[in-house]
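Undergrad: The listed protein sequences derive, respectively, from chains U and R. Residue 1268 is where the first sequence starts when you use our numbering, and the numbers rise one by one after that. Residue 1268 is where the second sequence starts when you use our numbering, and the numbers rise one by one after that.
Number of protein chains: 2
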Amino acid sequence: MNLETIQCARERIAPHILTTPLLRMPALDPWLGCRAWVKLECMQGTGAFKLRGAMNRALSLTPEQLAAGIVAASSGNHGKAIAYTAKKLGAKATIVMPRTAPRVKIDAVRALGAEVILCDASERFDVAAQVCRERGATMVPPFNDETVMAGQGTLGLEILEQCPQLDTLVLPLSGGGLLGGVSTAVKAAAPHVKVCGAEPAALPRYTESLKAGHPVTVPQTRPAADALVAQTPGSLCYPYVAANTDAVAAVSDEYTLKAMKLLLMEGKLLAEPSACIGIGAVLEGYLDVRADENVCFVISGGSVGFEQLDQLKEVTYEACC
Amino acid sequence: MNLETIQCARERIAPHILTTPLLRMPALDPWLGCRAWVKLECMQGTGAFKLRGAMNRALSLTPEQLAAGIVAASSGNHGKAIAYTAKKLGAKATIVMPRTAPRVKIDAVRALGAEVILCDASERFDVAAQVCRERGATMVPPFNDETVMAGQGTLGLEILEQCPQLDTLVLPLSGGGLLGGVSTAVKAAAPHVKVCGAEPAALPRYTESLKAGHPVTVPQTRPAADALVAQTPGSLCYPYVAANTDAVAAVSDEYTLKAMKLLLMEGKLLAEPSACIGIGAVLEGYLDVRADENVCFVISGGSVGFEQLDQLKEVTYEACC
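1. In this structure, how does DSSP classify U/K1535 when only helix, strand and coil are distinguished?
2. In the DSSP assignment, find the unbroken beta strand (DSSP E) run with R/A1517 in it and report its ends.
3. Any contact between the region 1554-1567 of chain R and the region 1300-1308 of chain R? By contact I mean 3 or more CB pairs, one from each, below 8 Å.
4. Can you tell me the Cα-Cα spacing of U/P1540 and U/L1524, whole angstroms?
5. Nearest by alpha-carbon distance to R/A1510: which of R/V1462, R/R1472 and R/K1535 is it?
6. Could you say which of R/V1515, R/S1519 and R/Y1473 lies nearest to R/G1501 if we only look at CA atoms?
7. Report the rounded CA-to-CA distance for R/K1528 versus R/D1577, giving the unit in angstroms.
8. Assign R/A1497 to one of three DSSP states: helix, strand, or coil.
9. First and last residue of the alpha helix (DSSP H) that includes R/F1564?
10. Give the straight-line distance between the Cα atoms of U/V1549 and U/V1556, rounded to the nearest whole angstrom.
11. U/C1430 CB to nearest chain R CB: under 8 Å?
12. Confirm, please, whether the CB-CB distance from U/V1338 to U/C1399 is below 8 Å.
13. Where does R/K1359 fall in DSSP's three states?
14. Name the DSSP bridge partner or partners of R/R1377?
15. What's the call for R/S1342, buried or exposed, on a 16-neighbour Cβ count within 10 Å?
16. What does the alpha-carbon distance come out to for the pair R/D1520 and R/E1466?
17. Report all residues from its chain with a CB closer than 6 Å to the CB of R/L1433; omit the five preceding and five following residues, and keep chain order.
18. Give the straight-line distance between the Cα atoms of R/L1356 and R/A1276, rounded to the nearest whole angstrom.
19. At 7 Å on the CB atoms, spell out the chain R contacts of U/C1587, in chain order.
20. Thinking just about the alpha-carbon of each residue, which of U/G1534, U/Q1498, U/F1316 and U/P1490 is nearest to the one in U/V1483?
21. Below 7 Å on C-beta distance, what does R/G1418 contact in chain U?
22. Within the continuous alpha helix (DSSP H) that includes U/V1549, where are the two ends?
23. So with CB distances below 7 Å, who are the chain U contacts of R/L1531?
24. Name the chain U residues that come within less than 7 Å of R/M1310, Cβ to Cβ?
25. Report the residue from U/T1352, U/F1316, U/C1588 and U/K1454 whose alpha carbon sits nearest the alpha carbon of U/L1328.
26. For U/G1569, which residues in chain R fall below 7 Å Cβ to Cβ?
27. Any beta carbon of chain U sitting closer than 8 Å to that of R/L1579?
28. Would U/R1291 be called buried (16 or more neighbouring beta carbons within 10 Å of its own) or exposed?
29. Cβ closer than 7 Å: which chain R residues qualify as neighbours of U/L1285?
30. Quick one: list the residues of chain R neighbouring U/P1288, beta-carbon separation under 9 Å, in chain order.
31. Please determine whether the Cβ atom of U/G1464 lies at a distance below 7 Å from any heavy atom of the ligand MG.
32. Would you mind working out which of R/A1388, R/A1396, R/G1346 and R/L1446 sits nearest R/D1374, comparing C-alpha positions?
33. How far does the beta strand (DSSP E) with R/C1386 in it reach, from first residue to last?
34. Apply the 10 Å Cβ neighbour rule to U/N1269 and answer buried if 16 or more other Cβ atoms are within range, or exposed otherwise.
35. Check the DSSP bridge columns for R/G1320 and list the partner residues they point to.
36. Between the alpha carbons of R/D1393 and R/G1547, how many angstroms are there, rounded?
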């Protein structure tokens, strides 16, 4: 993966995805101590950036491969992205989910025309692999794939065009598909831009791996940022992240939820906790920013149920500086 | 007031207000049955469009008048706008509020450096008038003023520039300052664009007045759209609204709250109930829209406390068509 493959990905997926808004958010400046911008991938088709990678992977298949279908093991944004991609391209999608997945997520994927297979959570990757073998279908991994990463990287090129004055870009970080792709694009096209990742302090796989100099596995936990739950950096993602990222912050649940409430009440934008973790990194004081620095936060997804707002009831936020 | 005075207002206030985002919102299309756009005045300075009119009125004063201060009787967005305007222009603001105003609103106005005078709700206009007499200060009315209306009209010109393909514009309606100004601007600059107002069915002052052919007063009630509580059309606003508006819808509280929840959950945007009433008008079936029609909803303000989200808990929404 490199700037050229990301540029190709961009042309390939352009007819099928939205150019999402990038907004200057002066209402956030006094809280974050910088010139704040947001890139609203929560307004992407299916509500998250995941559509970029899924679409690029599916469009890179041969017509025969595509006709045999695509498969994902995911109850989250990746599964929804694969279902939507298949529908858009006239293909069949099979999404393998844990039996314990919320009804609303199962229904959302079915509404997109995908087949849903329910199984024990621990078996979901085996079941998905079996479906692929039996049907000749193609598994699309959520992050550990160069073509998926190149798709996510298109977000970086879009941001540079929409905000040429950008100084710093802050992204949520889990397996590293988003950060790997975007940081590669940004460092090649605009090397002066700082690129930072924010991961849950409760699941600090990149913080630990970068310290060790190679991918390490951390214990599974359930952070507030419930979409950022990879235990290990993607083996294919790790080198790109390590080479192209200026800083990684490990953000507490407390500050992730403060960031979500700040974005909602001051920014008037609803996003899932995982999408707010970059703002949390600044609020918690992990990323030094200057008052005149143009900092763009990637709001990666908006999959949040109304009942999840309850967890914000007692949350307060204060200016970081 | 006419296109020329609105254009002058635009130049006058430009250094002091934000050009707010106007976004295409495909996520709302299936619910509203049209090509939906939103104009985010909830992201204006002080969180509402009111700043445009307040700023235009203050900038139209002589230096001597401005030095003597400006006064408003308002516990809402207008009061906040006057306080902010005075601060920006280095003048003194006095805001008269009912003793019963929520603490958070009093504090917000004080934080902008304004003096707050608390009194009985029924006395607030008398108290404000007395302050003006004693200090030689100028009262800025919330809507019934041609200069205030011209300021609000600048929103119409901004929308036409940001969305040249616009077919229909839908705005919240109370005394008629916003609709009077914007409809005058839009009908002069782009007569083919339909301009519609949405008011609470519980307080249908324009529906009744347009039927009668002159301003009539309706009983005071407390609609969900709690910023749209004028009992009577502004005497100066009414002729502009009557001449330039294509339709007025009287929207139920139920559909106003459905619209607020729809905008939050599908559009990922938080706005106050009053700002969502235009979306409610389409949801309730009062405005006929076509699938290929570009309809822009003015999201007039975002002044909403977290606890107000509770009222959305049991609210459901369905596609209008």
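Cβ coordinates follow ideal geometry from the N, Cα and C atoms, glycine included.
TA: Looking at the coordinates:
1. coil
2. A1514 to V1518
3. yes
4. 6 Å
5. R/V1462
6. When each option's Cα is compared against that of R/G1501, the closest is R/Y1473.
7. Distance between the alpha carbons of R/K1528 and R/D1577 is about 11 Å.
8. coil
9. Unbroken run through R/F1564 is the beta strand (DSSP E), N1561 to I1566; no alpha helix (DSSP H).
10. 8 Å
11. no
12. yes
13. coil
14. Partner(s): none; R/R1377 has no beta bridge.
15. Classification of R/S1342: buried, given that the 10 Å Cβ count is 16 or more.
16. 10 Å
17. V1460, N1561 and C1563
18. The alpha-carbon atoms of R/L1356 and R/A1276 are separated by roughly 16 Å.
19. Going along chain R, no residue has its Cβ under 7 Å from U/C1587, so there is no contact; the nearest lies around 19 Å.
20. U/Q1498
21. Here the premise fails: no neighbours, minimum Cβ distance about 20 Å.
22. P1540 to L1550
23. L1537
24. A1294 and K1535
25. U/T1352
26. K1535
27. yes
28. That one is buried.
29. Per Cβ cutoff of 7 Å: P1293.
30. Annotation: Cβ neighbours of U/P1288 in chain R (cutoff 9 Å, chain order): P1288, L1290 and R1291.
31. With respect to the ligand MG, the structure offers nothing, as it holds no ligand at all.
32. Nearest C-alpha to R/D1374: R/G1346.
33. E1382 to C1386
34. exposed
35. None; R/G1320 has no bridge partner.
36. 36 Å
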